[in-house]
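Colleague: Residue numbers (this note's numbering): 68 to 580.
Here a beta-carbon is modelled for each residue, glycine too, at the ideal position from N, C-alpha and C.
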Ligand code: GAP
C-alpha cells in the first residue's frame, strides 16, 4: 500500500474510533459515499462552517446570508443547464468492471508529468540551495519544458474533444495515452458515455398527480432565484454578495476516497453580483481573498495551489480551483468561477420574470454578472483532518498520535481534569468548567492516569488540558498544558477565561483576515 493510501486508511479508522465520522447506516453495512458525523465531527464541522460564515457575512458589509429550500421548482434545473449538461463522461473497464470518470483518468495521467516537473525543481533546490533561480529553471530547463509541453498538449486535446462532444475521441485519447485501470492495470475499456448526476424524485402523493423534482446538485441556484428578493429586502447595492451553506446531492459515479466525494454533501457558496465588465477584476479579488482565508486557517500554505480550468463549464468565462494536498495528492477543495450573467439571464428567460438591477449611479437597468466562490464543507473537513493527523516520536522515544487541529476549530477547546477523584478536586474542576463552558466547549475527564488522559485529548485535538491538584484548592492556580508543545504552565484560575479567549476563540482567526 502506498504511504498516502495508508494515511487515508488510518484517518478513516481514527475518525470512526474517536467519533468524528461514521459510515452511514453502518449496521446495514453502510451506504456507499454517505457518511454521518459523530460528536466530535459535528463540532469540527460547525466550527469550519462558522469560520466561513463569519468571514463572509460578518466581516463583509456587502454580503448577506440566505437559507433556501433543497427542493426547487423543476424548471430551475432546466434553466441552470443541469438537466441537459450536468453530466460526467464515464468509462468502464471491461475486465475489472470498475467505472471511472474519463476526465479524472486523463487528469491523473497529466499529474504524473507535473510530479516529474516538481521532482526536477526539488533536485535543483537541493543542489544549488539559495542561489537556485526557480523561475529561470522552470522557464529554461529542457526536461521541465518537455513535460510542460506534454501537459499542454494533452489538456488541449481533451478540451477540444469535450467541446466537440466527441466521446469516441476521448476514448481514443485514453487508449493513445496508454492509460490503464489504476487498480488492475487493464487497458480494456468500453466506450465513453455521458451520465446525468442529479437525483430525481417525485412531488405529490396521488398517482398521476406527481411531477419530477430534483435534489439540488448545488446550493447556488437557490441564491440566483432569490436575487431580487434579497437585493430589495436588504437594500443591497451592486457589488454585493449572497452567502449560503447547505446540503447538495450528486449521484457520483466514483465515490471512493471517504468524504472527498460523497453523494450527499454540504456546500458553502457565495455569489457576488457585479456590474458587467468588472467581473474579471472581482474574480481576481476573490481568488486572493479565498486563498488568504485558507492560509489563515493554518493547515500549511504549502498544501495549497491554484489550478486553472481547461474546460470551462457552460456558464463560466474564467474558473479555477483551489487544490489541497490531500492524502491522495493535490485535489480540488474550492472552485472560484466567473459565471457571467448566464444564470440570471436564463432564469429570466424560463420564468418570464425580470431579474435586473437598477443602477442608481448610472441610471440604467442591467442583469448583473456573478463571481462565485464554492467550497465543499466535507472536503474542508477532510483537509483539516489530514493536515492535523500527526504521529509524533517524543524525546523519550515514545510515540503519540495527535490531531493538530487549529485551536479555534478544535471540537473541544479544553479538558478539565482533577488529578484525583477525591478530596474536593472534582468539585473544583466542575467550577472551572462552569465558568468556561458558556464560551468554550469543555470536557470533564477524571478517568485513568493524567498521561492517558492527555493522550486521549491529543487524539481528538483538544488544545488545552487544565489540571486541578491539591495546591489548586489553596492557591487557586491550575496547570495548563498545551497540546502541540506539551508545555505546562501554572496559571491563576481567574485568568483562564482571558487566556482561552486569546488562544482558542474564533475572533483570533477572524482578526487576521
Ligand atoms: N456552484 C458551483 C459548484 O457547485 P463544483 O465545483 O461542482 O461547483 C463546488 O462544486 C465544491 O463542492 C467543490 O470544490 C467541492 O469542494 C464540493 N463538492 C463537489 N462535489 C462534491 C462531492 N461529490 N462530495 C463532496 N464535495 C463535493
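Going by DSSP, name the residue or residues bridged to residue 481.
Modeller: Here residue 481 refers to the residue found at position 414 when the chain shown is read from its first residue. Answer is 509, 531.
Colleague: How many angstroms separate the CA atom of residue 578 from the CA atom of residue 364?
Modeller: Taking the chain shown and counting its residues from 1, one reaches residue 578 at position 511. Taking the chain shown and counting its residues from 1, one reaches residue 364 at position 297. Approximately 12 Å, taken between the alpha carbons.
Colleague: Look at residue 49 and residue 130 and say whether their C-beta atoms are less than 9 Å apart.
Modeller: The structure shown does not extend to residue 49, since the chain is modelled only from 68 through 580, so no value can be given for it.
Colleague: For residue 156, list the residues DSSP reports as bridge partners.
Modeller: As a position in the chain shown, residue 156 is number 89, starting the count at 1. Partner(s): 261.
Colleague: Which residues in the same chain have their Cβ closer than 7 Å to the Cβ of residue 458, if we skip the five residues on either side of it in sequence?
Modeller: Residue mapping note: residue 458 aligns to position 391 of the chain shown, counting from 1. Answer for residue 458: 466, 468, listed in chain order.
Colleague: Would you mind stating whether residue 245 and residue 254 have Cβ atoms separated by less than 9 Å?
Modeller: Locating residue 245 in the chain shown gives position 178, counting from the first residue. Locating residue 254 in the chain shown gives position 187, counting from the first residue. Contact: yes.
Colleague: Who are the near neighbours of residue 138 in its chain, counting only those whose CB is closer than 7 Å to its CB and skipping five residues on each side?
Modeller: The count along the chain shown starts at 1 and reaches residue 138 at position 71. Same-chain partners within the cutoff: 280.
Colleague: What first and last residue would you give for the beta strand (DSSP E) that runs through residue 398?
Modeller: For the purposes of this step, residue 398 is identified with residue 331 of the chain shown, where counting begins at 1. It spans 396 to 407 - the beta strand (DSSP E) in which residue 398 sits, taken as one unbroken run.
Colleague: Is residue 329 near the ligand GAP, judged by its Cβ being under 8 Å from some heavy atom?
Modeller: Locating residue 329 in the chain shown gives position 262, where the first residue counts as 1. True, at least one ligand heavy atom lies under 8 Å from that Cβ.
Colleague: Any heavy atom of the ligand GAP closer than 8 Å to the Cβ of residue 332?
Modeller: In the chain shown, counting from the first residue as 1, residue 332 sits at position 265. Result yes, Cβ under 8 Å from the ligand GAP.
Colleague: Measuring straight from C-alpha to C-alpha, what distance separates residue 141 and residue 291?
Modeller: One-based indexing of the chain shown puts residue 141 at position 74. One-based indexing of the chain shown puts residue 291 at position 224. Spanning the two alpha carbons is a distance of roughly 14 Å.
Colleague: If residue 528 and residue 477 are in contact, beta carbons under 8 Å, what's the gap, nearest whole angstrom?
Modeller: Reading the chain shown from its first residue, position 461 is the one you call residue 528. Reading the chain shown from its first residue, position 410 is the one you call residue 477. With a Cβ gap of about 5 Å, residue 528 and residue 477 count as contacting.
Colleague: Grab the span of the beta strand (DSSP E) containing residue 127 for me, first residue to last.
Modeller: Stepping through the chain shown from its first residue, residue 127 is reached at position 60. Where residue 127 is concerned, there is no enclosing beta strand (DSSP E), given that its DSSP letter is neither H nor E.
Colleague: Drop a sphere of 10 angstroms on the beta-carbon of residue 112, count the other beta-carbons inside from all chains shown, and report buried for 16 or more, exposed for fewer.
Modeller: Mapped onto the chain shown, residue 112 falls at position 45. Buried: at least 16 other Cβ atoms inside 10 Å.
Colleague: What number of angstroms, rounded off, separates the C-alpha of residue 85 from the C-alpha of residue 342?
Modeller: Taking the first residue of the chain shown as 1, we reach residue 85 at position 18. Taking the first residue of the chain shown as 1, we reach residue 342 at position 275. Looking at the two C-alpha atoms, the distance is approximately 49 Å.
Colleague: Is residue 137 near the ligand GAP, going by C-beta to nearest heavy atom under 8 Å?
Modeller: Here residue 137 refers to the residue found at position 70 of the chain shown. Not under cutoff, so the answer is no.
Colleague: Out of curiosity, what's the CA-to-CA distance linking residue 489 and residue 514?
Modeller: As a first step, residue 489 must be located in the chain shown, where it is residue number 422. As a first step, residue 514 must be located in the chain shown, where it is residue number 447. Rounded to the nearest angstrom, the two C-alpha atoms are 12 Å apart.
Colleague: Got a sec, what are the start and stop residues for the beta strand (DSSP E) residue 466 sits in?
Modeller: Mapped onto the chain shown, residue 466 falls at position 399. It spans 466 to 470 - the beta strand (DSSP E) in which residue 466 sits, taken as one unbroken run.
Colleague: Does the ligand GAP have a heavy atom nearer than 8 Å to the CB of residue 443?
Modeller: In the chain shown, residue 443 corresponds to position 376, counting from 1. Because some heavy atom of the ligand GAP lies under 8 Å away, the Cβ of residue 443 counts as near it: yes.
Colleague: Below 7 Å CB to CB, which residues in the same chain sit around residue 177 once its five sequence neighbours on both sides are set aside?
Modeller: Start at 1 with the first residue of the chain shown, and residue 177 comes out as number 110. If we look at residue 177 and ignore the five residues flanking it on each side, its Cβ neighbours are 218, 221, 222.
Colleague: For residue 87, write down the residues that DSSP places opposite it in a beta bridge.
Modeller: Within the chain shown, residue 87 is the residue found at index 20, counting from 1. BP columns for residue 87 are empty, so no partner.
Colleague: Please report how far the alpha carbon of residue 262 lies from the alpha carbon of residue 319, in whole angstroms.
Modeller: On the chain shown, residue 262 is found 195 positions in, with the first residue counted as 1. On the chain shown, residue 319 is found 252 positions in, with the first residue counted as 1. The straight-line gap from Cα to Cα measures roughly 9 Å.
Colleague: Return the Cβ separation of residue 424 and residue 305 in integer angstroms, given the expectation that the two are a contact with Cβ distance under 8 Å.
Modeller: Here the question's residue 424 lines up with position 357 in the chain shown. Here the question's residue 305 lines up with position 238 in the chain shown. About 6 Å; that satisfies the 8 Å criterion.
Colleague: Check the C-beta distance from residue 159 over to residue 257 and give it rounded, since I have them as a contact under 8 Å.
Modeller: As a first step, residue 159 must be located in the chain shown, where it is residue number 92. As a first step, residue 257 must be located in the chain shown, where it is residue number 190. Contact flag correct, Cβ pair sits at about 4 Å.
Colleague: What first and last residue would you give for the alpha helix (DSSP H) that runs through residue 288?
Modeller: Position 221 of the chain shown, counted from the start, is the residue given in the question as residue 288. For residue 288, the enclosing alpha helix (DSSP H) starts and ends at 287 to 292.
Colleague: Report all residues from its chain with a CB closer than 8 Å to the CB of residue 188; omit the five preceding and five following residues, and keep chain order.
Modeller: As a first step, residue 188 is located in the chain shown; it is residue number 121 there, counting from the start. So the qualifying residues of the chain are 201, 204, 205, 211.
Colleague: Are the Cβ atoms of residue 154 and residue 264 separated by less than 9 Å?
Modeller: In the chain shown, residue 154 corresponds to position 87, counting from 1. In the chain shown, residue 264 corresponds to position 197, counting from 1. Taking 9 Å as the Cβ cut-off, residue 154 and residue 264 qualify as a contacting pair.
Colleague: Looking only at its own chain, which residues have a Cβ that is under 6 Å from the Cβ of residue 432, when we skip the five neighbours before and after it?
Modeller: To locate residue 432, count along the chain shown from 1; it is residue 365. 423, 425.
Colleague: For the beta strand (DSSP E) holding residue 17, just list the boundary residues, first then last.
Modeller: The structure shown has nothing for residue 17, since the chain only spans 68 to 580.
Colleague: For the alpha helix (DSSP H) that contains residue 573, what are its first and last residues?
Modeller: Taking the first residue of the chain shown as 1, we reach residue 573 at position 506. Looking at the DSSP string, the run of the alpha helix (DSSP H) that includes residue 573 is 573 to 578.
Colleague: Could you have a look at residue 232 and say whether DSSP puts it in helix, strand or coil?
Modeller: Counted from its first residue, the chain shown places residue 232 at position 165. Residue state, collapsed to three classes: coil.
Colleague: Do you know offhand how far residue 125's Cα is from residue 198's?
Modeller: Taking the chain shown and counting its residues from 1, the one referred to as residue 125 is at position 58. Taking the chain shown and counting its residues from 1, the one referred to as residue 198 is at position 131. When rounded, the distance between both Cα atoms is 45 Å.
Colleague: On the three-state DSSP scale, how would you describe residue 270?
Modeller: As a first step, residue 270 must be located in the chain shown, where it is residue number 203. In the structure shown, residue 270 sits in a strand (DSSP, three-state: E or B).
Colleague: Residues bridged to residue 256 by DSSP?
Modeller: The sequence position of residue 256 within the chain shown is 189, counting from 1. According to DSSP, residue 256 bridges with 160.
Colleague: Quick check on DSSP: helix, strand or coil for residue 352?
Modeller: To locate residue 352, count along the chain shown from 1; it is residue 285. In this structure, residue 352 counts as helix in the three-state DSSP scheme.
Colleague: Assuming residue 449 contacts residue 393 (C-beta within less than 8 Å), just tell me the rounded distance between them.
Modeller: Indexing the chain shown from 1 puts residue 449 at position 382. Indexing the chain shown from 1 puts residue 393 at position 326. With a Cβ gap of about 6 Å, residue 449 and residue 393 count as contacting.
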